[in-house]
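Read the structure below first, then the notes.
Protein chains: 2
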Amino acid sequence: MNRYAHAKRMLVAIDCIIFGFDGEELDLLLIKRNFEPEKGNWSLMGGFLNEDEDLEDGAERILYDLTGLKNIYVEQIATFGKVDRDPVERTLSVVFFALINIKDHDQEAVKAHNAHWITLGKKPKLIFDHDIMVGRALEHLRYNAALHPLGFELLPEKFTIPQLQKLYEAIYDMKLDRRNFSRKILSTKLLIDTGEKDNNSTTKKANLFRLDKARYQQKFYSFWHFMPDPALPESL
Amino acid sequence: MNRYAHAKRMLVAIDCIIFGFDGEELDLLLIKRNFEPEKGNWSLMGGFLNEDEDLEDGAERILYDLTGLKNIYVEQIATFGKVDRDPVERTLSVVFFALINIKDHDQEAVKAHNAHWITLGKKPKLIFDHDIMVGRALEHLRYNAALHPLGFELLPEKFTIPQLQKLYEAIYDMKLDRRNFSRKILSTKLLIDTGEKDNNSTTKKANLFRLDKARYQQKFYSFWHFMPDPALPESL
DNA sequence: TGGTAATGTGTCAATTCGACACAATGTTTT
DNA sequence: AAAACATTGTGTCGAATTGACACATTACCA
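Pasting the structure below:
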C-alpha cells in the first residue's frame, strides 16, 4: 500500500475537439477565452474532471454545457501528459472528440461561452498543446471515417449523396469521382431512399436518403473495411 | 484561476499490455501479484506516474523495469477513468501496449517481478478493469496490424514468410491461404530477401527476410491501406 | 531411394476499381 | 416557349486485385 502513499496526485482535465460540417468545409468549435490563464487566446472547450465523475460523463457534461446537446457522438482519442504542458500546474488532459450536426447546437449556450465555429483551414493558434490535439483528432477522423460510417454524424438526418461526398472530400481534402463514390456508398446498402427531394437545390434536386440505423449498427465494423470483425475470444 | 483551486487532484497509474509471439500464439506478459492490493491475483504490469515524468517516459520506465528492454514499440491506447475502478483510491489508468520479440526480454527481471508469459487463450481473470484493457488492446492490435506493418515488431530481425503468416493467423484467429498471403506481403516490397535459410526447419528451409526499414517508415501509412496518407494541413 | 512435409511460384475466373460518357431534371436566360 | 446551363442518376469498359486452387522444389527420414 506504500505505493499509493508516495504517489503524486495531479489534476485531470478534459478537452473536447468538436467537429462540425457547414456543407463545404470542416469546422471546429473553439473558445475565445475570457478567463485566465491565457485570457484572450483561443483554446478548445475543456474543464476539470470531477471527483465523483467518470471520464465519459465528464466529457458529456462539458459538451452539454457548451452546446446544449446530449447523445452526440463522442470518442476518447488520447491523453496528453507532458510535465509542463500546463504552465499553472501539472495537469493531464484526456482528449475527446465529438461530431455534431452544426445546425443543432444551442446558440445561446455557445455565445455565453464565447465560442465560435471556425473553419479548419482558418484555425488560429491555440493555447498549450491544443494544436497538437486538433492534429491528432483530424488524423483520427480520417482513419475512422474510412473504416466506419462515422461521417453521417456530421450530417442532418436526411441528406443527399452529393452532400455526403462533399463531406468526405472535406475530411480527406481531396476530390472524389462522383460516379464511383455513389456506387461505393450505395453498395453498402446503408442508405435508405426517403423518396423526398432536396428542395434547397437550384438545379436538379437530389434524392434525400437516411441511414438504415439497424444495418448501421450491424455494419459498424465492416463498412469499407476488410478485416475480420474484431470479435473477442470468449475469455475476454 | 479559481477553477484550478477547486479541482480534485487524483492518482494516475500506467498499465502496460505486453504482447509477444511464441511462434504459434499470441502471449501476454502478466504479473502474479505478491503485493497488495489484490495480492495473489493476476494483473497487468503497472505503476504510478511520477511527478516529474511524461506519460510516455513513465510507460518506458515501467517496461524497462520489467523486461530490461528499451526502444521497444509502445503506443498509448486509452485512459480508463471509472470512479470506482480502483477500490483503494480514485485512480486514472493510462493504458499502453507494447510489442516485443519474446526472445529478447531479461529473464531475471521478469522473474523478479513474478511475471509470466501466458497464452492469450489461457489468460486468467485479471484484477480491476484489466480484462477490459486487454480486450481493447487486442482490438487495437487487430485494427492496426491490418493497416500498418506492426506485426514485424513481434518477430526477430530475420524471419520467414510462413512465420509472418502464423503471426497474422494468431492475431486474427483465422486461417489464411499460404499463396495469397505470400503474394500480398511480397507486393508491398517491404521485405528484403537476406539470401539465408531458416535452419530450424526440419523440412524445406524457408528463406529468411528482413524489413526494409527505410521503406517501412515511408509506407507506414499506406501499407494495406487505401486512404490518402493523413498529411496534415499547414496550419496544424 | 522413395515417402513425407513444408516452401516457392503460377494460373484462372470472379470481383472490384478507376476513368469516362450520356441521359434526365430543374432553373435561368433569351 | 425554347434554348442554355448546372447538377444529378446511371452505365460501360478495360485494368488491377482477389480468392480458390495445382504443381514443382527442397530437405529430412525411414
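One line per chain: the protein sequences are A and B, in this order. Throughout, the numbering used here is defined as the position within the first sequence, counted from one, plus 5. Throughout, the numbering used here is defined as the position within the second sequence, counted from one, plus 5. We put the beta carbon where it would ideally sit given N, CA and C, even for glycine. If you're wondering where the values come from, they're calculated on a predicted model, not measured in any experiment.
Which listed residue (the options) has its alpha carbon closest to that of residue i
i               : options                  : result
I107 of chain A : A:D136, A:D178 and A:E29 : A:E29
F40 of chain B  : B:L33, B:L31 and B:M50   : B:M50
K127 of chain B : B:V100, B:L35 and B:L16  : B:L35
Y69 of chain B  : B:G45, B:V88 and B:H118  : B:H118
K210 of chain A : A:I166, A:A64 and A:K37  : A:I166
Contact with chain A by residue i, beta-carbon distance below 8 Å
i               : result
A12 of chain B  : yes
G86 of chain B  : yes
K189 of chain B : no
L97 of chain B  : yes
Y9 of chain B   : yes
E174 of chain B : no
C-beta contact flag for residue i and residue j at 8 Å
i               : j               : result
I67 of chain A  : G52 of chain A  : yes
I176 of chain A : R141 of chain A : no
D20 of chain B  : L125 of chain B : no
T96 of chain A  : M15 of chain A  : yes
G25 of chain B  : I105 of chain B : yes
L54 of chain B  : V115 of chain B : no
D198 of chain A : F214 of chain A : yes
L191 of chain A : D217 of chain A : no
D59 of chain B  : V88 of chain A  : yes
E65 of chain A  : K13 of chain B  : no
K163 of chain B : E113 of chain B : no
For residue i, three-class secondary structure by DSSP
i               : result
T165 of chain B : coil
T207 of chain A : coil
M179 of chain B : coil
F157 of chain B : helix
T275 of chain B : An answer regarding residue 275 of chain B cannot be provided, because it is not within the stretch 6 to 241 covered by chain B.
E80 of chain B  : strand
E144 of chain A : helix
Between the CA atoms of residue j and residue i - distance to the nearest angstrom
i               : j               : result
K224 of chain A : R90 of chain B  : 31 Å
L169 of chain A : F157 of chain A : 8 Å
K130 of chain B : P42 of chain B  : 15 Å
R220 of chain B : V79 of chain B  : 20 Å
K44 of chain A  : V139 of chain A : 20 Å
L143 of chain B : I82 of chain B  : 10 Å
G63 of chain A  : K180 of chain B : 43 Å
D134 of chain A : N7 of chain B   : 22 Å
D182 of chain A : H153 of chain A : 20 Å
Cβ of residue i within 8 Å of any chain B Cβ
i               : result
N55 of chain A  : yes
T165 of chain A : no
Q222 of chain A : no
E58 of chain A  : yes
M50 of chain A  : no
M232 of chain A : No answer about M232 of chain A holds up, because its pLDDT of 41 lies below 50 and its placement is not dependable.
L16 of chain A  : yes
M115 of chain A : The question names Met, but residue 115 of chain A in the sequence shown is Val. False, the Cβ-Cβ gap to chain B never drops below 8 Å.
A81 of chain A  : The question names Ala, but residue 81 of chain A in the sequence shown is Gln. Output row for Q81 of chain A: interface = yes.
E29 of chain A  : no
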